[in-house]
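Protein chains in written order, with the UniProt record's numbering: chain P, 1 to 469; chain F, 1 to 469; chain W, 1 to 469; chain U, 1 to 469.
C-beta: ideal position from N, C-alpha, C; glycine also.
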């Protein structure tokens, strides 16, 4: 589908200078302040149309978002391609059981004409229980990855051709969680060239989601991964950089994890020490079903458990670092961070209504304990679907922003758009850059960017002038 | 008791320049950036001793904090005065049932020699069930407020005299919640002079907590109110300003409200619209018992329900403002903010172990609903007691900070220390200044002050240099 | 409406002899076994039609049940009377927001023709916020109770006349909770004659619900009270006895209380001692709105808090009785039973979706504690509506049962049908008979009656023959 | 240790006749009532001393119970044997961290002299993480099962010899959950003789818990299994029958499962249909640690998930049976019973404080849903330890009870004491007899037995005489 950019077609470019200050540690107790005037240049020409291709369009997230956009057609319009097999979007919406029947009725006729394109299906990467549902697949199994890449690139070009004025295309993986690809074999995932070669030989460790990423990069589309698997192998990021496009990931951050990154940030920031975090989920949609197999769950578990690492590390008073990394006994682990477990289970009877039950056990003053138990009920797809919109809109803006420092050379955003991590559970960041999970910091980064684009300094809640006599 | 400031007795004063930038709205779509170099001057001479007088010392918070300080004596030392009546601190600690018996044993002998001073007791302001417990009171009931004021001032002077080198004294109200004082009568609470006159006539609407504040101001002590009643009538703030001292309040923010200000900030910030917040508490300590009467509960309820107001107001997309303020029908109220209720109940069997049960009902995408239920168990006093330390330490620092703008005139902090609101449920702010309840903003304000004091700019999670190609 | 009894029109009467054994305490440590053959006689002629008149038909419970019956019309048929004012049932169903829109659509046309009869409205007995909704009332306010009684009796007779073959009529109060009637004035509520006289003088303490009960008794209808107020003053029970009809009450037992009577029964039975029970509710339907005023809530609170009394009394090891009833200090109360509180709040945003949050604090082995927190979400009316059916069906059966002991005289069921207490929160029992709240006992009583009616002995899970070698 | 029976040494035997009635299905719609006079004979001579040997004495349950008994010495006395290796009970109690330090201090000196006997340790049956803790084991690994049996029998005989007057000995397995023994090989577990032969050859599928059972049977001791593994292979029950002793199992029923068997019984009994039950647990004691391995967890999971089977089967209206047992698709499973999952996780930071989080999703009237979420915190051992006492006391009584029917032949209780299932999660029953999990039925069976022993009929809550006019 294509998102219509509306009436504003300004040709202008806005330049905004902002004084950017940061601190540089220059000695044991010495910190030097570094100030630099940074100029932000924003291309104000918004695209007439933005194309959005969702991998897994017929899933709950895809069908929900599409129906919502149709329902809000005053703001948004889109077109669809036709395919031969497969469930149309109206039927997918009924299967999802997310939206109210009356709403579904009102968008049914329009959605009935939308049929997803065929996609590769590599059974080795998804749960065995998914095979029966995968009825709209390209032929060749996992033995013709080069052919699939050619087909996907052709589909992308045809999509553009069918929509004149569609300047930018965003591909979002909203499909199933895959198992983690094994990336330990040299010469497969470690560079763009290696990856392209591996596709030619249909290497078994090239996942379907990575293949979509390769197609997107080669066709100049931004690629966003809404599932937790390791789609972004080094070779894919390398390729996107070479092609001058962008990527973002991983895993839509919609519910339990979002709340957790807020609560732990709050607790640790207040000097209260979480000693145990137990997170249980169950859901009955196809996401839950796919995750009921161990390999797929493992990918998800990793993306959900790393979320407190940076907050723990931020407070060495509460969590003193330990010297002995070899000794992984429970006592030492206990000192290094909270016990943290994540469980996801498939319970058909609750459908798309996801249940999250969390317990936070916290050590407080004088060895006391505080126990916080949270029970959260929500339609999973109603939290995830709007994130897709937010991701695309923010990513699109970022493609139009450049900054220059004192060397007066304008640089684009990094290939990896880490600013999108507010909506993503396991933030992908440029290599060597720090991962930030704390949600309020992620949000403040976006807010401060918006301010910088119009020449305003970062938010400073100190407001010293409000505090003085 | 007095907190020993330790060995550092630097005489120096540190000056730190910081560029402070803010935005000024100059037209419908025009904002002008205002930059000013601000110099922060910190008096590095920390007091040799800091005196802390807790009103309600024998309550759970006071006895818990005292025992903790004794137990941590390596860092802290203190002296006590002797009084004739009243339960000693060791017995108070046993009654509180907060700390472990073994810990209590180890501090018992020291605490046994600490006996609270006598205090005024104005029965009209506290619950009827408190009379039996109030066995250490000054004579005169509520008919001799002038005499009480003189006695309290004498006690403060004696306290200072008994501890040479104690430069600063902090008085913290940790006692019972009083009913709200009625402040509608002109000429009673509206100026320092009026208030002092009202004390002379033992005006019935001058509360005990206000009287302590008057004594503190007149003796140059900082006064902090850890309960929710309206202690800080305009006349008391006026008096503190005239005396050049400081105040902060109201109501220690320890548990449920703190969590709420985080969760609602998160939800509203993420574009999710809370439509109902139901907060239930029960506890069995004397705080709960006192709050079981309606007038006292009303004061508490007010301090707990205003906590989401600024967050609701911050997002006019979620909560569109309404024109018709006269029409308070439920439909309109619904549009103006979430339904919000707070219940506190006295349940002796749970003792100091406070139970909070909250439900957040949130409207999400396409009219969907998300329900978050939270059950929180915690020893109330173990959350509140360390706040007293934090409040005193931060307030003490603030008394040593001055800033100057381009006019090069150094100004002290406002009489009302709004920066302490991170620890306080219903932040008292200088008149006309905005109230901020969002916890992360409150914390960032403190963090940015600390940075400014050493010449660093505010935290900016954007870190644009980490995001570039 | 009338419930069609179906095809079975047997004329027979079934006699079933059962040996009933019970124990009689005859000395300090002596118990004598009393065995008696009891003959149960059941009139097998089921009524061709059963009439059901719901007071508060247009409320959530009434409209939900009616729509459900329409939707299940294969089993049930009914007719309606027409009135001039008032919301029809289809509109009431929409207002209730309980059932799915599609279901509502399918029963709309039928329900549109059903309009409730007018009823008296005594504003003094319900919350002030109910006046705007009460738009279908008989004239005369509370000054013409005799006229209202005549009108109600006339309505009942007309109802019967309009439905030939309708042998039995059941009147169920599903309307608002009233405040408790004050019954301390002699000569008003204490006998049937006094009550009838009080109606003639429009005595202010004769409630609307009692007036309906009087009309029902005089017209030979069974009367069931689904709200918690003290409808069944002695004079009303007296009158029903005199008229040879039956009554049952009070207050539909649908959710939180039902669960509580199960959990406390389990805990106390297992030797675990509940020391505190905190029950919080909020809901946004009209029931919640009416209960938001103190007098109406008081009636509800009483019906909900007595529910554990018999279980506490059943285990004197856990809850030793105390001699000194005058001393109501907290320590003693603590010994006499658990701290128990019930809170109900009106939260419009959650509508008919009732939220119950309970905490059970239990003392276990060696002074340990167990904390059980329960969060329960349910459409209130979907739990209550089917209870109305169960109550009527069971009550109807009971009107056809008689038993005889060795004197061979057959006796009917008592005027007060205490067997219906499985569906009622505050069981009304014949004077001097014990109140049983334990839910499993209430259910076993019904099950054992059904068994006795076919000549089977009570359920005995011992099944000794299954335990032997 | 030995439990002292106290002063009552009656020699008498009590005979009590009770009329036992049951129903026999004799045709499609015909049921015949069968009445029989049953005589209960109770040997009133209580044992002077009862010996209790706990396997896993040094674990949390064993040490907690022992300390409690010491603390209640007025009622109970005991002796201990001395061993050479191993942690003494006082140290075990400290490790358990269940009881208050002061209580531990007061029993320390006495417990310090109690040292567990050595036991076999078959590493293949327990989690790998248990090896370091198993420091008090018999030599031979799992290669000398015959030698171990001889040693255990010798220990039992020595225990009896050391305590003159100790008539009865009870052996209770309170040790770790073992993995399930594989019992599919013929000629190993299927008869007493086969089992004894398998021990002679140290067959790898003879578990340690079964070996203890064999020793107990051969020495005439009652054996109770407090863990979930399949200790009671057919050959062991056969052997106990041959030796004239008794067994009971499996798995102490202390918390979450107990509550579940109550809630599901209540819901199904009330016509509400549970469609999903999700049960999550985490705990940090050694039980949790051992269960963190898959094989041990599997045994536990089975004992916890079968608990609703009989209740589901009891209501074919809610759960209609399905014909096609081969088709195990999710749709069909859904029709056959609720989705039911059980998760147990090891979280060291919470220690012995077990956390259970359950969600019950129930379908109610007209397709509505009710969601009940439960959060339960409890010291695991404080719930389990008193069960050991109850089990032994009830089992001891049952060894003194005989009943006779019309053939006047007295029969003992079956080898398998199914009446103990009130305290056991996965009730072991005599072969071919029905399993009852409903907790109130289990309790009523015990209550009715006690009544029968004194000649009273079963409890009948109908109390028809209370219901009549």
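Find the nearest neighbour of residue i within the set the options, judged by alpha-carbon distance.
i	options	result
residue 69/P	222/P, 180/P, 266/P, 388/P	388/P
Would residue i pass as an interface residue toward chain U - the criterion being a Cβ-Cβ separation below 8 Å?
i	result
residue 377/P	yes
residue 357/P	yes
residue 388/W	no
residue 216/P	no
residue 74/W	Only weak support is given to the placement of residue 74/W: the predicted model assigns it a pLDDT of 36, under 50, and the question is left unresolved by the model.
residue 452/W	yes
residue 373/P	yes
residue 189/P	no
For a contact meaning CB atoms closer than 7 Å, what does residue i contact in chain W?
i	result
residue 449/U	462
Opposite residue i in the DSSP bridges: which residues?
i	result
residue 379/U	353/U
residue 340/U	277/U
residue 166/F	49/F
residue 17/F	39/F
residue 54/W	172/W
Quick one: what does DSSP say residue i is sitting in, helix, strand or coil?
i	result
residue 41/F	strand
residue 471/P	Only positions 1 to 469 of chain P appear in the structure, and residue 471/P is not among them; the question remains open.
residue 313/P	helix
residue 225/W	strand
residue 185/U	coil
residue 203/U	coil
residue 249/W	strand
residue 63/W	helix
Could you list which residues in chain P have their beta carbon closer than 8 Å to that of residue i, in chain order?
i	result
residue 338/U	349
If the cut is a Cβ gap below 8 Å, which residues of chain F does residue i touch?
i	result
residue 455/P	33
Residues of chain P with a CB under 7 Å from the CB of residue i: which are they?
i	result
residue 414/F	467, 468, 469
Can you name the residues of chain U whose CB is closer than 8 Å to the CB of residue i?
i	result
residue 38/W	464
So that I know if they touch, is there some Cβ in chain W lying closer than 8 Å to that of residue i?
i	result
residue 46/U	no
residue 411/U	yes
residue 264/F	no
Along chain W, which residues have their Cβ under 8 Å away from the Cβ of residue i?
i	result
residue 345/F	278, 341, 343
Residue i touches chain P at which residues, Cβ-Cβ below 9 Å?
i	result
residue 361/U	347, 349, 350, 353, 355
Between residue i and chain F, is the shortest Cβ-Cβ distance under 8 Å, so that the two count as touching?
i	result
residue 275/W	yes
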